[in-house]
Amino acid sequence: MVRRNKSCVLVLLSALFTSVFDLSAQNIFSHLESKDSSTKASIKVHQDQRVESLVYGVKKNPVVSESPAVAVSAAEVVNTTEVQGYRVQVYSSNVQRMAKSEAFRIEGELQQLLPDIPVYVSYHSPFWKVRAGNCRSMQEAQQLKSEIGDAYPQVKRDLYVVRDKVKVPAKQ
């Protein structure tokens with residue numbers, strides 16, 4: 762009886778792995794986010810854009826970025842490098858019950874208001890933070906701060922420039 766159960770488990774596991782590898786031809790992350798046909802439930806995946814780039818390599822398909830509202834090609838992900846620069850911090854909180862959801866809400870609103878500006882949500886225990894931009898100079902970051910404050914007045918008093926590693930096109 763035990764052998765029979767083990768063989769059933771092995772058959773089920775092999776079927777699961779086969780279906781997962783069939784999904785890898787598609788985009789498994791997109792598949793996870795699609796709505797279930799019977800319950801209409803879906804999963805929201807928040808991840809660094811480099812994860813999908815590592816999983817699928819360089820492809821022409823859009824990938825999920827740190828900001829789901831921003832689609833960038835894997836080639837763009839690979840052709841960037843990180844250097845010391847500045848970003849505008851839009852939000853920071855350590856209130857466990859609401860900080861994560863508030864950070865993603867602010868990220869979504871900011872992306873809708875300023876779609877050309879990259880927005881990053883990060884968690885550095887115990888803080889959830891939302892930062893925007895990839896500025897090389899303090900002056901550029903100050904201009905971005907002003908632009909964000911004008912477009913999104915609800916967060917104007919919370920904006921400030923911070924030193925951070927920023928993404929810039931890699932030299933070829």
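For the sequence shown, the positions run 762 to 933 when the numbering used here is used. Backbone N, C-alpha and C define an ideal beta-carbon position, used for all residues, glycine too.
- Assignment of Arg-897 by DSSP, reduced to helix, strand and coil, places it in the coil class.
- DSSP links Tyr-852 through a beta bridge to Val-891.
- Apart from sequence neighbours up to five positions away, the residues of its chain that approach Tyr-847 with a beta-carbon distance below 8 Å are Gly-894, Cys-896, Arg-897, Ser-898, Met-899, Glu-901, Ala-902, Val-922, Val-923, Arg-924, Asp-925 and Val-927, ordered along the chain.
- Here the alpha carbon of Val-880 sits roughly 32 Å from the alpha carbon of Thr-800.
- Taking 8 Å as the cut-off, the beta carbon of Ala-864 is found closer than this to the beta carbon of Trp-889.
- The alpha-carbon of Thr-842 is positioned some 25 Å away from that of Tyr-852.
- Annotated three-state conformation of Gln-857 is coil, per DSSP.
- Judged by beta-carbon spacing, Leu-920 lies beyond the 8 Å limit of Lys-932, meaning their Cβ atoms are not closer than that value.
- One thing to note: Glu-868 has its Cβ no nearer than 8 Å to the Cβ of Val-849.
- When the beta-carbon positions are compared, Asn-840 and Pro-887 stay at least 8 Å from each other.
- Look at Asp-919 here: in three-state DSSP terms it is helix.
- Around the beta-carbon of Ile-804, fewer than 16 other beta-carbon atoms lie within 10 Å, marking it exposed.
- Per DSSP, reduced to three states, the secondary structure at Pro-914 is helical.
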